[in-house]
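A.B. asks: Submitted below is the structure of interest, expressed as structure tokens.
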Amino acid sequence: MYATSYHRASSVGEAVNLRASHDEGRYVSGGMTLIATMKQRLAAPSDLIDLRHIADMKGVSVEGRSVRIGAATPHADVAASAALRAVCPAICQLAGMIGDPHVRNMGTIGGSVANNDPAADYPSAVLALNATVVTDRREIAADDFFLGMFDTALEEAEMITAIRFEAPEKAGYAKFPNPASRYAITGVFVAKTADGARVAVTGAGSSGVFRVAEMEAALSAAWSPESVAGVSVDPAMLMSDLHATAEYRANLVRVMAKRAVLASL
Amino acid sequence: MGMEGIGARVARKEDKRFLTGKGRYTDDMVVPGMKFAYFVRSPHAHARITGIDAEAAKAMPGVIDVLDGRQLQADGIGNLICGWMIHSKDGSPMKMGAWRPLAVDTVRYVGDAVAIVVADSAAEARDAAEAVIVDYDELPAVTTSIAALQDGAPQIHPEAPGNLIFDWQIGDGAATDAAIAAAAHVTEIEIHNNRLSPNPMEPRATLGIYDSAEDHFTCYTTSQNPHVARLVMSAFYNVAPENKLRVIAPDVGGGFGSKIYIYPEEIVCLWASKKTGVPVKWTSDRTEAFLTDAHGRDHVSKVKMAFDKDHRIIGLKVDTIANLGAYMSLFSSAVPTYLYATLLSGQYAIPAIHANVRTVYTNTVPVDAYRGAGRPEATYLLERTMETAARELGISPAELRRKNFIRSFPYQTPVIMNYDAGDYEASLSAAMQAADWDGFPARRAQSEARGKKRGIGMSCYIEACGIAPSQAVGSLGAGVGLWESAEVRVNAVGTIEVLTGSHSHGQGHETTFAQLVADRLGVPISSVNIVHGDTDKVQMGMGTYGSRSGAVGMSAIVKALDKVEMKAKKIAAHLMEADESDIVIENGELKVAGTDKVLPWFQVALAAYTAHNLPAGMEPGLKESAFYDPSNFTFPAGCYIAEVEVDPETGKTEIIQFVAADDFGNIINPLIVEGQVHGGLAQGIGQALLEEVRYDEATGQILTASYMDYAMPRADDLPSFTLSHQNTPCPGNPLGIKGCGEAGAIGSPPALMNAITDAIGTNDLTMPATPLKVWSALQGAAMPMAAE
Ligand SMILES: Cc1cc2nc3c(=O)[nH]c(=O)nc-3n(C[C@H](O)[C@H](O)[C@H](O)COP(=O)(O)OP(=O)(O)OC[C@H]3O[C@@H](n4cnc5c(N)ncnc54)[C@H](O)[C@@H]3O)c2cc1C
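Protein sequence lines, in the order shown, are assigned to chains X and V. Take the working numbering: the last position of the first sequence gets the number 896, and nothing is skipped along the way. Take the working numbering: the last position of the second sequence gets the number 912, and nothing is skipped along the way.
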């Protein structure tokens, strides 16, 4: 790791100001991605602005069916939230499947969504739940947020403060983990929302998380595992790597979609 | 056995410090003035070095010096060597290419060390290393053994034309060919043994300290055999004469073979300490460990197994190509030859065996012994072949094995080994019973009803431990003897120190060796200390690998204890005015048999040291040493059964049960033995399901250099194991011990692969059986399966 300066922000405003005064600075949340990247010397921010001590950005609140998860909320807290489990257990299950206990106690939803790793779990939930990404300056709809691998609609120095969504009628998540990293080789989040069924796939797409229109149509017509079992995804738009070929991933999208619907029942 | 003696389930003495974070590892060592090293390493798999410019790096903050291979060579530091000479079948010696501790003209794998930076802090050393400008002319690279042998393949060492190191054979080729020609059935199969990275929890580290006043070197290092390290560094690398070099291997956090060898880093740090005048410490990070720790396995073999009409094996022919990587590591030549092909008879009476082994240079990390070293490769090959043969012949795998078991001992195989004792039927029966083998068809039907594919597979392994009779290994090319040493020091107050040439890096010697003393003398293990790992404290020793510490290391302690006892009895007899032959040692006392005369152990020890009243002519003191050279290898064996369920939709394998039935000879501490088996099974299951080092064939870049891509087994990958023992004592050593350190890693991969191929109905599957591979196999599979 190269030398860096650490700042602990206690409010959103302070964090934004700190970030604005350091061109080469970066926000750090759980540090589960950023610190590892710095240790490998693949990133060298001059300053780190720590977001985990900003009270407004921590915790889960549920009012009726409206959910707000502060960006600096660790995965373990999402997994354990009884209020959230009551309205949307699928996202609690997803959070509980991320990495290992150390990672879940440090890593945060804001960091995960901002990073938009093509194999991360949360992007599928955010997209399938039609969530809103709340930042220090605006609100971004999930459909407009994820632009490609590690690429989002966030502007330079823009900070996610919360993720908001309306709890769906039904939702389920199924993940096939990479045997080495335990990130998703393929993860599928299905949600029956007010605007119809939404299906988002992570881990598989060659440009990150994506929706599967054909599955959504089938599920909007009939919410059952059989509806998605026959829908195939074109391997041409999927990744191939050491652990999975595009053809294998195409198969997993179908199988995980089926299992996600099953889990939602 | 007593509460703490041989056979007692004693908790490990050493675990208190390990579990409370108080182990003292090489990286924990701090000496005054100590500085830190970082190695500049090749980013290319194969390249010529055209220039090194370290001026900018030398000017960076905290930098003390940057040193390269030319300076090292000018100072007369020698090349790394392989210490086991193998001759090709045409009589020519193996073709060993030069391995310079710091590359001079050519780099041959990604990670090859080029220069060392010494600085005030590790971070400054690393910063400066990035500023060292090395000019490379890239050369084409080759990573697989098959490709390296092809015409026109990149030539890696001038000494080894065509990248062939040796072309060796063992056994009777003509007799084997005749058996195959006359066979009623021949099973043919190609076997791949995947390349593994050892991944000990503690990465390698070294601290080189040069003392200019005494012209003396001290080397702290993560070694499984500090004396061998000293010997090799003195005799071959010209670091310093032995009396001017102290090697200390303190607590070492696992080795699995990878810490047997001398690597460039300890040589370079010692030399750099003299050059710079400061102690130099280097600690590998995990990426460097993937890039530079010796890998294991990487064999490709063609097999023909011939059967007569009664399903008896009449011949076995094996043609193996072994990838040794970019340089010949210390024992690399022995692994695919004498540690491998000599075990090809397995548990079976096979009249004719022939194996041909070619070893090959490639632009990859050097390959050497890794947990099991050669025996896992032999076992995997044989047991996959046996299972395939059973399927082809349409008989049950158990029956085929039973038909061919060796049943009387000693048994001379056609490939050197002379098995001294065993009962293969006992382990097979025990394993089948524990696994409820007969109930499998019903369980399979249940799985099928749930849409899952269930399979069961066995493996009957044998291995050779207790390496090894010095004269025998000398005649086969070993550059060292493989005896072990011990010194038993009884202190004046009766407490005991045992100095052993074995080295514990997870095996629990501090407990088991103390149990032996407790058993013999009746003293508590808390009064016994095991001293190891420091060439200034301990007499010459050969270290720990090949499950030799029990069979060889403890046998040396037995010999030393015999001498101590004899002297103690003489003293006791003298003091109690009894006949020496009437003295017995029990519960920490020396007694005159049949009387109430008794002397506590400490009083005899005190008498030996006060020397006020010793038998006439006796030397004072109570301290004896011994060297033990084994008369044979030992032959642990057993039967493992795996039962799996495969999810056909994803190709994922779940291990439903894993049964291990082992014959380890006599057992000193069942708790530790079970731990060794558990660890070995985890590594073997890792090899079968998860682990593989992969290279990009075009560039020679390693693709699995972190845990993001190299899959280590985790607790949730493993079932609870069902263990049992069917022990036949080893007749070859005083304790009847065979060894248990590697069995789990040796026996488990074929059992699992036999189970998975049984589940999915194809023989065509290579390790690791990842979900991707199993699913792909299922897309194209359809093979007639044998009767259960
Ligand atoms: C061993 C291991 C296993 C893992 N397994 C999984 C897994 O199975 N599934 C999975 O999904 N993930 C996994 N992760 C990733 C982990 O879950 C983290 O969520 C992820 O690393 C990012 O979250 P973080 O809070 O640690 O972000 P950080 O590492 O702190 O930051 C990541 C990036 O986001 C930026 N950032 C952080 N917070 C904000 C914000 N509020 N606004 C704008 N930008 C921000 C940072 O500047 C940085 O660029 C794993 C990580 C590790 C180390």
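Glycine is no exception: its CB is placed at the ideal position from the N, C-alpha and C atoms. Small disclaimer: the values here were computed from a predicted structure and weren't measured.
What separation, rounded to the nearest whole angstrom, lies between the Cα atoms of Glu412 of chain V and Glu254 of chain V?
C.D. replies: 15 Å
A.B. asks: So the candidates are V:Met184, V:Ala450, V:Arg421; which of them puts its Cα closest to the Cα of Gly235 of chain V?
C.D. replies: V:Ala450
A.B. asks: Whole angstroms are fine: how far does the CA of Ala132 of chain V sit from the CA of Val907 of chain X?
C.D. replies: Shown here, chain X extends from 632 to 896; a query on residue 907 of chain X therefore has no answer.
A.B. asks: For a cutoff of 7 Å on Cβ pairs, would you count Phe807 of chain X as touching chain V?
C.D. replies: yes
A.B. asks: Gly381 of chain V and Arg495 of chain V - do their beta-carbons sit closer together than 7 Å?
C.D. replies: yes
A.B. asks: Check whether chain V comes within 7 Å of Ala875 of chain X, counting only Cβ atoms and requiring the distance to be less than that.
C.D. replies: yes
A.B. asks: Could you name each continuous beta strand (DSSP E) segment of 3 residues or more that falls completely within the segment 161-186 of chain V, going from the start of the chain to the end?
C.D. replies: 171-177
A.B. asks: In whole angstroms, what is the alpha-carbon distance linking Ala888 of chain X and Glu847 of chain X?
C.D. replies: Each residue's alpha carbon lies about 11 Å from the other.
A.B. asks: Could one say the Cβ of Ser812 of chain X lies closer than 7 Å to chain V's Cβ atoms, at least one of them?
C.D. replies: yes
A.B. asks: Quick one: complete beta strand (DSSP E) runs, 3+ long, within the segment 238-292 of chain V?
C.D. replies: Qualifying beta strand (DSSP E) stretches, in chain order: 257-262.
A.B. asks: Can you tell me the Cα-Cα spacing of Pro837 of chain V and Glu816 of chain V, whole angstroms?
C.D. replies: 12 Å
A.B. asks: Please list, in chain order, all residues of the same chain as Ala161 of chain V whose beta carbon is under 7 Å from its beta carbon, the five residues on each side excluded.
C.D. replies: Ile240, Val241, Val242, Ala249, Cys393, Ala396, Val404, Lys405, Trp406
A.B. asks: Considering only C-alpha positions, which residue in the set V:Lys398, V:Ile372, V:Ile315 is nearest to Asn887 of chain V?
C.D. replies: V:Ile315
A.B. asks: Roughly how many angstroms separate the alpha carbons of Arg354 of chain V and Ser755 of chain V, rounded to a whole number?
C.D. replies: 26 Å
A.B. asks: Checking 7 Å against the spacing of the C-beta atoms, do Phe360 of chain V and Ile205 of chain V come in under that value?
C.D. replies: Yes. Within cutoff.
A.B. asks: Taking 8 Å as the limit between beta carbons, can you name the residues of its chain near Ser408 of chain V, skipping five residues before and five after?
C.D. replies: Pro327, Arg328, Ala329, Glu389, Thr416, Asp417
A.B. asks: Leaving out five residues before and five after Thr659 of chain V in sequence, what residues of the same chain have Cβ atoms less than 7 Å from its Cβ?
C.D. replies: Pro350, His351, Arg354, Arg370, Val371
A.B. asks: What residues from chain V crowd round Val643 of chain X, counting only those whose CB sits closer than 7 Å?
C.D. replies: In chain order: nothing, as chain V lies at least about 33 Å away.
A.B. asks: So Leu827 of chain V contacts chain X; which residues on that side make the cut at Cβ distance below 8 Å?
C.D. replies: Going along chain X in sequence order, the residues near Leu827 of chain V (Cβ under 8 Å) are Leu873.
A.B. asks: What first and last residue would you give for the alpha helix (DSSP H) that runs through Tyr752 of chain V?
C.D. replies: Careful: Tyr752 of chain V lies outside any alpha helix (DSSP H), inside the beta strand (DSSP E) at 747-752.
A.B. asks: Does at least one heavy atom of ligand 1 sit under 6 Å from the Cβ of Asn897 of chain X?
C.D. replies: Residue numbering for chain X in the displayed model covers 632 to 896; residue 897 of chain X lies beyond these limits and cannot be assessed.
A.B. asks: Rounded to whole angstroms, how far is the Cβ of Glu501 of chain V from the Cβ of Tyr464 of chain V, which I believe are closer than 8 Å?
C.D. replies: 5 Å
A.B. asks: Write down every uninterrupted run of the alpha helix (DSSP H) in the segment 495-542 of chain V whose length is 4 residues or greater and which is fully enclosed by it, in chain order.
C.D. replies: 499-517, 521-528
A.B. asks: Ligand 1 heavy atoms versus the CB of Tyr814 of chain X: any closer than 6 Å?
C.D. replies: Here the distance from the Cβ of Tyr814 of chain X to the nearest heavy atom of ligand 1 is below 6 Å.
A.B. asks: So does the segment 759-767 of chain V actually touch the segment 547-555 of chain V, counting three or more Cβ pairs closer than 8 Å?
C.D. replies: yes
A.B. asks: Answer yes or no: the CB of Arg136 of chain V versus the heavy atoms of ligand 1, is any distance below 6 Å?
C.D. replies: no
A.B. asks: Does the Cβ of Asp752 of chain X lie closer than 6 Å to at least one heavy atom of ligand 1?
C.D. replies: yes
A.B. asks: When you compare the CB of Tyr804 of chain X with every CB in chain V, is at least one pair closer than 7 Å?
C.D. replies: no
A.B. asks: How far does the beta strand (DSSP E) with Arg723 of chain V in it reach, from first residue to last?
C.D. replies: The sequence as given places Leu at residue 723 of chain V; Arg does not occur at that position. Boundaries of the beta strand (DSSP E) around Leu723 of chain V: 722-724.
A.B. asks: Just the chain X side, please: which residues come within less than 7 Å of Trp406 of chain V by C-beta, in chain order?
C.D. replies: Ordered by position in chain X, no residue passes the 7 Å Cβ test against Trp406 of chain V, which lies about 17 Å from the chain.
A.B. asks: Assuming Asp687 of chain X and Val744 of chain X are in contact, meaning their beta carbons sit under 8 Å apart, how far apart are those beta carbons, in whole angstroms?
C.D. replies: Incorrect: roughly 17 Å between the Cβ atoms, too far for contact.
A.B. asks: What is the C-beta distance between Ala922 of chain V and Glu608 of chain V, in whole angstroms, given that I count them as a contact (C-beta under 8 Å)?
C.D. replies: Since the first residue of chain V shown is 125 and the last is 912, residue 922 of chain V is not available in this structure.
A.B. asks: So which residues of chain X does Arg818 of chain V contact, with C-beta pairs closer than 7 Å?
C.D. replies: Leu873
A.B. asks: Would you mind reading off the limits of the beta strand (DSSP E) that contains Asn447 of chain V?
C.D. replies: 437-449
A.B. asks: Could you check how far apart the C-beta atoms of Leu454 of chain V and Gly207 of chain V are, in whole angstroms? I think they sit under 8 Å.
C.D. replies: 5 Å
A.B. asks: Whole angstroms are fine: how far does the CA of Gln671 of chain X sit from the CA of Thr483 of chain V?
C.D. replies: 35 Å
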